[in-house]
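Chain order of the listed sequences is A and B.
The end of the first sequence is residue 500 by my numbering, with every number in the run present.
The end of the second sequence is residue 204 by my numbering, with every number in the run present.
Built from N, CA and C at the ideal position, the CB exists for glycine as well.
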Amino acid sequence: MKRDTESIERYLNGIEAPRCECDPHRHELRRRILGELGGRQTMYDRMRSWRYAIVMALIGTGVVAGAAGVALRKYHFIEKRDGRGYVVQSEDGQSTMVVSEGNARTPEQAVQHAQELALLKQRGQRELVGVAETAVNGQHDMTLHSYRYTLGDGRIAYMGERDPNDDGPFTLVDGRLEAALREIEARGAAAPPYERIVQGRPFAFDVRKVVLDDGTKVLRAYGRPKETAGMVQQGDETTWTLEQSLDMPELNPPVVQWAIFDEDPLPPFTRRLEARREDLATWLNAASNPQRKDMVRSAQISALWDGAFHKITADNLHLLTAAPQGTFSYTTNTPPGKKWFVTKVVTIDKRAFCWCVPIEARAGKSIPVILNKKNTLDLAGIHGRIVNPQPPVK
Amino acid sequence: MADDAIECDFESQVQTLDEDQALVRAAQQDSEAAGRLYDRYYEQVFGYIYHCTLDRPTTEDLTSNVFLAAFRHLGRYRWQQIPFRAWLLRIATNEVRTYYRRRKCSRTARRRLEQDDIADSGPSADVEPAATEQYRMVHQALLELRPKYRAIIILRYFEDKTIAEITDITDQREGTVKSQLHRGLARLQEILARRGVLPE
Numbered sequence: 107m108k109r110d111t112e113s114i115e116r117y118l119n120g121i122e123a124p125r126c127e128c129d130p131h132r133h134e135l136r137r138r139i140l141g142e143l144g145g146r147q148t149m150y151d152r153m154r155s156w157r158y159a160i161v162m163a164l165i166g167t168g169v170v171a172g173a174a175g176v177a178l179r180k181y182h183f184i185e186k187r188d189g190r191g192y193v194v195q196s197e198d199g200q201s202t203m204v205v206s207e208g209n210a211r212t213p214e215q216a217v218q219h220a221q222e223l224a225l226l227k228q229r230g231q232r233e234l235v236g237v238a239e240t241a242v243n244g245q246h247d248m249t250l251h252s253y254r255y256t257l258g259d260g261r262i263a264y265m266g267e268r269d270p271n272d273d274g275p276f277t278l279v280d281g282r283l284e285a286a287l288r289e290i291e292a293r294g295a296a297a298p299p300y301e302r303i304v305q306g307r308p309f310a311f312d313v314r315k316v317v318l319d320d321g322t323k324v325l326r327a328y329g330r331p332k333e334t335a336g337m338v339q340q341g342d343e344t345t346w347t348l349e350q351s352l353d354m355p356e357l358n359p360p361v362v363q364w365a366i367f368d369e370d371p372l373p374p375f376t377r378r379l380e381a382r383r384e385d386l387a388t389w390l391n392a393a394s395n396p397q398r399k400d401m402v403r404s405a406q407i408s409a410l411w412d413g414a415f416h417k418i419t420a421d422n423l424h425l426l427t428a429a430p431q432g433t434f435s436y437t438t439n440t441p442p443g444k445k446w447f448v449t450k451v452v453t454i455d456k457r458a459f460c461w462c463v464p465i466e467a468r469a470g471k472s473i474p475v476i477l478n479k480k481n482t483l484d485l486a487g488i489h490g491r492i493v494n495p496q497p498p499v500k
Numbered sequence: 005m006a007d008d009a010i011e012c013d014f015e016s017q018v019q020t021l022d023e024d025q026a027l028v029r030a031a032q033q034d035s036e037a038a039g040r041l042y043d044r045y046y047e048q049v050f051g052y053i054y055h056c057t058l059d060r061p062t063t064e065d066l067t068s069n070v071f072l073a074a075f076r077h078l079g080r081y082r083w084q085q086i087p088f089r090a091w092l093l094r095i096a097t098n099e100v101r102t103y104y105r106r107r108k109c110s111r112t113a114r115r116r117l118e119q120d121d122i123a124d125s126g127p128s129a130d131v132e133p134a135a136t137e138q139y140r141m142v143h144q145a146l147l148e149l150r151p152k153y154r155a156i157i158i159l160r161y162f163e164d165k166t167i168a169e170i171t172d173i174t175d176q177r178e179g180t181v182k183s184q185l186h187r188g189l190a191r192l193q194e195i196l197a198r199r200g201v202l203p204e
């Protein structure tokens, strides 16, 4: 059998395969790949920022209930919570985790994820990257630790845990903690910072306080490792950050163009509509059929609303795309103050709308901006009310 | 002396695997490591695809696809299954196969549209200056083989891969690779003999 192919084998072994050099392609492709990776890693690094870690640990309810066991726990799936992720619980019921949808797409993956975290925790392969302490009416209430885990496939995951030394009972429960955090983010006042050793590592705490509507005084301290605290502090003095997310599944493709405006663009839009009401109505009524009318209406709205973007330079016009369970950070050193987060016109089911979200930018602050169905601006509705088209006269 | 040579070779292979493993891990978070990983395998992947297609623009396109796919999905790569080099060549093999399948479909469609008798020669018909005449003839003959035979022959004789490495790349058992290699060679011999390149 071997003899059958001996001559062809000899023949092939005697042929020298051609070589082809292609340096321009090599360099171009290298640049492209590293560019893509760089972009992804920048985004990844932003997602891993200490602030994100702590907020995710708290808001994302990846909070483990007093988990301090030694034996490796097995987890099982409990339920899926919309917008939160998958709730999994250890078989002994001592530990509960909420695995975000960014880390798991199915209950099975959530269980695997939880077990991998449990294993890493047992081995001590995690790093304490944040500490959040809360005091209510002058009394210590709760301490949360945020740990960073490096998973087997190289991904980074964060998980928050209640300090095992905290026995409770806790005052801020049943959503009150989240509400308090939102209040602190919105109108918290700075309090004197302090330093403390946590698990043998020095942490610098940035403290803010607020009095809730019911009179409860809440003080919140965010601590991060002291060696990185200075860098963040320096940047915080002059910059402010938008943490944006687009939660609009109906939007296809899920992307919007946006810019920051110093003035509300809605009044000029309505003024332009009113000034040109007759022309616009005539043009609209001249449309021969409903489809054509929709098109004309959409064109009018886009021209008048998007016209406000003419003064925006290209480097200040951005894209925001949907990222389930994630936010995109945008940091700027432009002067803080009252601003508007404004998008260009988008259309769903032939109805034009946009987002025009007022924000209060403050140096060193992070401002969440979530674009969803609830905070859309119905441009088609405004157009309809002002232009008020009459049916065409036959 | 021979024993020494084998030992050295083995050690260097192990070392390459370890280095690759470290590089792949690092490349997921570090652009510099990604660049080193790319530099290490660009030539090998490019050369392999060029030997399969014998067409430079196509090779550039397919090589881009391979590396972009690999680096986009670096997180999915698992060491326990195959070495990184084999994983890249597996992606490359699939890219080449897809390319020929699409090319065949588009040529069929074009024939129907134009009613034109287009010679079904490979891209090598556009004479590539780098290709030796002898290789060009073999390549023409290889194009008549089924893709699975073609890939194995190129890997074995022009990329100098061992049967074990081809097993990793093609995700087939060793026996299957050997039998496909044998059948492919027999068929290639027939084709070359028919064309007068080899004696009947």
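{"Item": "Might you give, ordered along the chain, the residues of its own chain that have their beta carbon closer than 6 Å to the beta carbon of A:Ser-408, omitting 5 neighbours on each side?", "Value": "Val-451"}
{"Item": "Name the two residues that bound the continuous alpha helix (DSSP H) containing B:Asp-172.", "Value": "167 to 174"}
{"Item": "Measure from the alpha carbon of A:Val-235 to the alpha carbon of each residue in A:Arg-307, A:Asp-455 and A:Arg-398, then state which is nearest.", "Value": "A:Arg-307"}
{"Item": "Over the uninterrupted beta strand (DSSP E) stretch that includes A:Asn-478, give me the two end residues.", "Value": "472 to 478"}
{"Item": "Going by CA-CA distance only, name the one from A:Glu-356, A:Glu-369, A:Leu-352 and A:Asp-370 that's closest to A:Val-362.", "Value": "A:Leu-352"}
{"Item": "Please identify the residue among B:Val-181, B:Leu-72 and B:Arg-150 whose C-alpha is closest to the C-alpha of A:Leu-135.", "Value": "B:Leu-72"}
{"Item": "Could you spell out the range, first to last residue, of the alpha helix (DSSP H) harbouring B:Thr-49?", "Value": "It is worth fixing the name first, because residue 49 of chain B is Val in this sequence and not Thr. That run of the alpha helix (DSSP H) goes 35 to 57."}
{"Item": "Express the C-alpha separation of A:Asp-455 and A:Asn-478 in angstroms, rounding to a whole number.", "Value": "16 Å"}
{"Item": "Would B:Leu-202 and A:Ile-114 qualify as a contact pair, given that the criterion is a beta-carbon distance under 8 Å?", "Value": "yes"}
{"Item": "Counting Cβ pairs closer than 8 Å, one from the region 160 to 175 of chain B and one from the region 85 to 97 of chain B, do we hit at least three?", "Value": "yes"}
{"Item": "Does any residue of chain A have a CB that is nearer than 8 Å to the CB of B:Gln-138?", "Value": "yes"}
{"Item": "Within the same chain, show all residues whose beta-carbon is closer than 8 Å to that of A:Ala-414, passing over the 5 residues directly before and after it, in chain order.", "Value": "Phe-367, Pro-371, Pro-374, Phe-375 and Val-448"}
{"Item": "What in chain A is Cβ-close to B:Ala-38, meaning under 8 Å?", "Value": "Ile-139, Leu-140 and Leu-143"}
{"Item": "Would you decide whether A:Met-248 is buried or exposed? Buried here means 16 or more other CB atoms lie within 10 Å of its CB.", "Value": "buried"}
{"Item": "Could you work out which residues of chain B lie near A:Leu-135, taking near to mean beta carbons separated by less than 9 Å?", "Value": "Tyr-42, Tyr-46, Glu-64, Thr-67, Ser-68, Phe-71 and Leu-72"}
{"Item": "Check whether chain B comes within 8 Å of A:Leu-386, counting only Cβ atoms and requiring the distance to be less than that.", "Value": "no"}
{"Item": "Do we get a CB-CB distance below 8 Å when we pair A:Cys-128 with the residues of chain B?", "Value": "yes"}
{"Item": "Would you report the Cα separation of A:Trp-364 and A:Leu-287, rounded to the nearest angstrom?", "Value": "27 Å"}
{"Item": "Using a Cβ-Cβ distance under 8 Å, would B:His-55 count as near chain A?", "Value": "yes"}
{"Item": "Judging by CA-CA distance, which residue of A:Ser-252, A:Leu-318, A:Val-217 and A:Ala-405 is the nearest neighbour of A:Arg-457?", "Value": "A:Ala-405"}
{"Item": "Hey, how far is the Cα of B:His-143 from the Cα of B:Glu-178?", "Value": "25 Å"}
{"Item": "Mind checking A:Pro-124: buried by the 16 CB within 10 Å criterion, or exposed?", "Value": "buried"}
{"Item": "Quick one: is A:Gly-294 buried, meaning 16 or more other Cβ sit within 10 Å of its Cβ, or exposed?", "Value": "buried"}
{"Item": "Check for me: the beta strand (DSSP E) holding A:Val-451 runs from which residue to which?", "Value": "Unbroken run through A:Val-451: none, as it is neither H nor E."}
{"Item": "Any C-beta of chain A within less than 7 Å: which residues of the region 138 to 160 of chain B qualify?", "Value": "Gln-138, Tyr-139 and Val-142"}
{"Item": "Just to confirm, are B:Thr-63 and B:Phe-75 a CB contact at a threshold of 8 Å?", "Value": "no"}
{"Item": "Please report whether the beta-carbon of B:Ser-35 lies at a distance below 8 Å from any beta-carbon of chain A.", "Value": "yes"}
{"Item": "Would you say A:Glu-207 faces chain B, with C-beta separation under 8 Å as the test?", "Value": "no"}
{"Item": "With a threshold of 6 Å on Cβ separation, who are the neighbours of B:Ala-90 within its own chain once the five nearest residues in sequence on each side are excluded?", "Value": "Asp-172 and Ile-173"}
{"Item": "Starting from A:Asp-400, trace the alpha helix (DSSP H) in both directions and tell me its first and last residue.", "Value": "396 to 412"}
{"Item": "Can you tell me the Cα-Cα spacing of A:Lys-315 and A:Val-194, whole angstroms?", "Value": "33 Å"}
{"Item": "Helix, strand or coil for A:Lys-180, going by three-state DSSP, please let me know.", "Value": "coil"}
{"Item": "Go through its chain and collect everything with a Cβ distance to B:Leu-27's Cβ below 7 Å, but skip five positions before and after it.", "Value": "Ala-37, Arg-40 and Leu-41"}
{"Item": "Would you verify that the beta carbon of B:Arg-60 is, or is not, closer than 8 Å to some beta carbon of chain A?", "Value": "yes"}
{"Item": "So which residues on chain A does B:Leu-192 lean against when the C-beta distance must stay under 7 Å?", "Value": "Ile-114"}
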